[in-house]
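Our numbering applies: residue 12 is where the sequence shown begins, and numbers increase by one. All remarks here apply to the structure that follows.
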Amino acid sequence: MPGNSYNSNSSNIPPDRVTRLVREKIERDLRKSSRASHPNDVTDNGGREVFEDEQRLRDGDNLGPSIVDEDLEGPASTPNEGCERLDGRTFSRQRLLVVANRLPVSAIRRGEDSWSLEISAGGLVSALLGVKEFEARWIGWAGVNVPDEIGQKALTKALAEKRCIPVFLDEDIVHQYYNGYCNNILWPLFHYLGLPQEDRLATTRSFQSQFAAYIKANQMFADVVNKHYKDGDVVWCHDYHLMFLPKCLKEYNSDMKVGWFLHTPFPSSEIHRTLPSRSDLLRAVLAADLVGFHTYDYARHFVSACTRILGFEGTPEGVEDQGRLTRVAAFPIGIDSERFIRALEIHPVQVHIKELQETFAGRKVMLGVDRLDMIKGIPQKLLAFEKFLEENSDWRGKVVLLQIAVPTRTDVPEYQRLTSQVHEIVGRINGRFGTLTAVPIHHLDRSLDFPALCALYAVTDVALVTSLRDGMNLVSYEFVACQDLKKGVLILSEFAGAAQSLGAGAILVNPWNITEVANAIARALNMSPEEREKRHWHNFTHVTTHTAQEWAETFVSELNDTVVEAQLRIKQVPPSLREADSIERYLRSNNRLLILGFNATLTEPVDTPGRRGDQIREMELKLHPDLKQPLNALCHDPKTTIVVLSGSDRNVLDKNFQEYNLWLAAENGMFLRCTTGKWMTTMPEHLNMEWVDSLKHVFEYFTERTPRSHFEQRETSLVWNYKYADVEFGRIQARDMLQHLWTGPISNASVEVVQGSKSVEVRAVGVTKGAAIDRILAEIVHSKKMKTAIDYVLCIGHFLGKVLLTQFLIQVGSSINSLSKEKKKKGSSIIWNILKIFILWCSILMLFKLIDESFRVLF
């Protein structure tokens with residue numbers, strides 16, 4: 012079950028990767044066969060191994076509002092032994108640090124330095140226990156407040172035996188971070204319930220403190236992870252509680268392998284953009300190497316949010332920013348199907364099955380297993396069942412609905428109202444259609460133990476899942492796994508993630524359409540045995556082959572591959588400037604040349620996607636006030652020549668650099684002047700610009716039909732910019748513009764078309780910075796009557812892909828004494844990318860000043 016890129020194209024996968032994936036799939040199949048032929052002691056000792064320490068909370072989504080916490084079970088204590096590969100070689104298992112909000116155990120304090128631990132049941136631990144390729148360590152909150160050092164040491168020691176490492180959170184952090192930001196902000200938003208609306212002003216105030224606590228809690232998790240991290244470890248972060256964790260971890264160690272997986276839905280970009288911290292969370296998640304979701308839809312929504320909100324580039328593989336690719340893919344989780352299948356043969360389950368068959372003899376059994384939550388659609392399910400009974404009187408008394416509703420958050424008013432609503436509907440239906448001897452609905456407000464739940468699955472004729480929004484919903488998987496004999500029918504909400512995997516064998520419904528669900532119930536109860544069997548085997552095959560173990564193996568394998576492949580497929584971005592080395596070289600040099608960009612280099616940075624004010628600010632470029640004094644001092648250094656090379660026109664540069672003793676190169680070097688002189692042109696003679704007038708109308712047309720785009724007419728080029736427009740719509744418009752240009756106005760013109768990330772530029776042939784800088788340097792050398800070779804060249808800009816300029820400067824470098832031959836060759840792969848500038852002051856020498864986040868150097 013390889014991870015599916017949100018818009019993957021298998022033809023783009025390197026052949027060696029295909030070979031490896033096939034080999035690993037064969038190895039996994041062999042391990043499955045081995046497990047099947049050497050089953051564990053599940054059936055020994057009367058089934059005690061299956062049910063020991065089970066805490067049943069099968070709520071239909073293994074990761075709901077309290078997500079990973081209830082759905083883990085204790086890791087095995089198997090020693091870190093070698094594993095055998097398909098080729099017979101052995102290898103040591105890789106360590107996997109699994110980081111979740113809650114540990115897979117519940118801790119109960121028995122004394123000052125004494126703790127007892129109860130192992131929780133769940134799909135995540137079950138998934139990782141079956142994987143032998145890596146050794147899991149669990150990091151998370153233990154669920155209790157431990158303020159004293161003695162208690163913390165004792166609990167840490169006790170948890171170490173379960174391969175668990177605690178993160179100690181105080182009560183205030185838990186209240187603000189977990190109960191506040193996670194459960195009241197993120198969880199409702201991700202399930203399309205929106206942000207709290209009761210008191211908007213109070214919500215805004217509390218949001219700020221809750222988000223601060225959220226960041227602090229994530230940093231506390233990162234501190235613990237970093238403390239226990241060893242080179243080669245893989246860190247797997249889980250769910251919306253820890254969206255900031257990848258960023259925190261990468262700040263500790265940029266080489267750390269970090270994956271992040273979301274177990275809930277990810278909303279559309281229009282929903283996510285309502286979140287005040289929308290950009291911060293997206294950027295933090297993108298620090299991970301691999302981002303995983305249950306379905307393609309969730310992955311697509313995430314990429315769309317990064318594109319529309321951050322303005323980053325969405326690719327078939329994921330999200331790209333400044334040459335770095337974060338891979339985004341779908342990894343549908345499964346269950347430990349063998350555990351359920353084998354459990355049906357155990358005596359306690361057989362006893363339950365017999366009791367249920369006797370109780371409901373002569374009636375069809377329908378089953379719902381849900382957490383009592385707004386997103387589970389329990390009222391909608393009950394109303395649909397009521398409508399079915401209204402319209403199908405012949406089924407009255409012949410069918411019973413067993414609804415298990417596990418209570419959650421009983422202290423919250425909304426959940427209390429939901430409980431009352433469900434009880435009211437159940438009472439009304441039983442009053443209308445019940446008799447003295449039988450009622451149509453059996454409603455249970457508690458969880459069941461594992462044997463009872465397996466028995467219920469086994470005797471059910473129709474399972475009814477009507478989630479209004481669900482990350483995956485594993486109840487549907489568990490039902491299918493227990494239906495090998497009965498071949499029951501699954502009615503599944505199209506809004507559950509499981510619908511993407513089990514939709515072909517289930518009856519998909521819109522739970523909001525009561526009539527549609529009622530008709531689906533009638534169809535399921537009247538379905539022929541042949542169709543039931545066909546549908547069942549489709550789903551049964553999927554559930555037993557796409558297991559939780561397969562899911563975990565695939566994600567970690569893809570994460571390892573992503574880190575390796577990233578070095579080959581992403582654009583080559585140079586390392587950050589070594590400040591100390593640059594200062595030392597500067598001090599030793601006698602004739603320095605600094606070539607600086609202007610927009611986003613010497614101007615105040617603008618964070619995209621901007622607001623209207625940002626767009627105006629960018630269109631009215633101004634030198635950053637903090638740079639005026641150090642730049643002026645640098646300009647008066649007799650050993651230093653500064654060139655500001657910009658795509659802006661001459662008027663913009665005149666307004667900003669009138670008082671500075673430096674060289675200005677406007678329109679990518681087509682116009683040049685020293686501040687004290689007049690503008691001269693470096694354009695080739697007889698440059699044909701007749702094409703400008705015809706293209707101007709085209710640019711005006713696309714500007715009018717693309718909101719928040721603008722175009723700029725320069726003396727040698729036209730530039731259309733859609734940086735502040737809707738990114739996806741802007742790309743569509745850019746494609747239309749290019750098609751129109753090539754088939755019409757420029758078909759016979761002597762021009763070049765340059766498509767930027769969010770711009771289209773048409774310019775005269777030969778109008779490039781790389782070509783112009785040759786003439787610029789000649790003018791500078793002639794004007795200053797240089798006799799000493801230039802021995803220090805530093806270029807700073809915010810552009811990617813200036814290959815021509817790079818190559819030219821390497822050629823220039825071959826005649827000066829700035830670098831060794833080895834360094835010059837290395838420079839050919841360096842690309843401009845400056846978002847930060849440092850004005851380095853070294854006594855009387857200063858060079859750069861911090862502007863944004865990072866910058867690159869080009870010699």
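From the three backbone atoms N, C-alpha and C, an ideal C-beta is built for every residue, glycine too. Since we're looking at a predicted model, the values are computed, not measured.
Shown here for S279: same chain residues with a beta carbon closer than 6 Å to its own, the five before and five after excluded, namely H312 in chain order.
Out of I320, D332, A316, F342, the CA that lies nearest to the CA of F304 is found in F342. R113: member of the beta strand (DSSP E) spanning 105-113, first to last residue. For G379, no alpha helix (DSSP H) segment is defined; the enclosing uninterrupted segment is the beta strand (DSSP E) at 375-382. For the options T651, V730, N699, K689, the alpha carbon positioned closest to that of V709 is the one of V730. For L467, the three-state secondary structure derived from DSSP is helix. About 14 Å separates the beta carbons of A310 and L293, which is beyond the 8 Å limit, so they are not a contact pair.
A direct Cα-to-Cα measurement between E160 and A169 gives close to 14 Å. For N732, the CB contacts under 8 Å within the same chain, skipping 5 residues up- and downstream, are S720, H721, F722, E723, K769, S770 in chain order. By the Cβ-count criterion, D637 is exposed, with fewer than 16 other Cβ atoms from all chains shown falling within 10 Å of its own Cβ. Taking the Cα positions, I606 is about 43 Å away from Q219.
Counting only runs of 3+ residues, no beta strand (DSSP E) is found wholly inside the stretch 206-247. Secondary structure of F201 (DSSP, three-state): helix. Assignment of F272 by DSSP, reduced to helix, strand and coil, places it in the strand class.
Around the C-beta of N601, fewer than 16 other C-beta atoms lie within 10 Å, and the residue is accordingly described as exposed. One Cα belongs to R684, the other to M691, and the distance between them is close to 6 Å. A residue is called buried once 16 or more other Cβ atoms fall within 10 Å of its Cβ, and G755, having fewer, is exposed. A residue is called buried when at least 16 other Cβ atoms come within 10 angstroms of its Cβ; Y251 meets this threshold and is buried.
Where D332 is concerned, the enclosing beta strand (DSSP E) starts and stops at 329-332. Annotation for G162: the continuous alpha helix (DSSP H) segment containing it runs 160-171. By the neighbour-count definition (other C-beta atoms within 10 Å, threshold 16), P718 is an exposed residue. In the same chain as N571, and ignoring 5 residues on each side of it, no C-beta atom comes closer than 6 Å to its own. Just measuring C-alpha positions, the residue of E262, A354, S288 sitting nearest A224 is S288. Per the coordinates, the alpha-carbon of A298 lies some 5 Å from the alpha-carbon of K258.
Judged by beta-carbon spacing, P418 lies beyond the 8 Å limit of T477, meaning their Cβ atoms are not closer than that value. Per DSSP, I386 has no beta bridge partner at all.
V764 places its beta carbon 8 Å or farther from that of A775.
A check of alpha carbon separations from R420 across L412, L413, A449, L429 identifies L429 as the nearest. Secondary structure of W126 (DSSP, three-state): strand. Taken through DSSP and simplified to helix, strand or coil, Q511 comes out as helix.
Scanning the stretch 694-721 from its first residue to its last, the whole alpha helix (DSSP H) runs of 4-plus residues come out as 702-715.
In this model, N237 and L260 are separated by some 7 Å (Cα to Cα). Taking the C-beta atoms as reference points, A507 is found nearer than 8 Å to D481. Judged by pairs of C-beta atoms under 8 Å, the stretch 147-162 touches the stretch 173-187, as three or more such pairs exist.
Assignment of Y803 by DSSP, reduced to helix, strand and coil, places it in the strand class. When DSSP reads this structure, Q724 sits in a beta bridge with L729.
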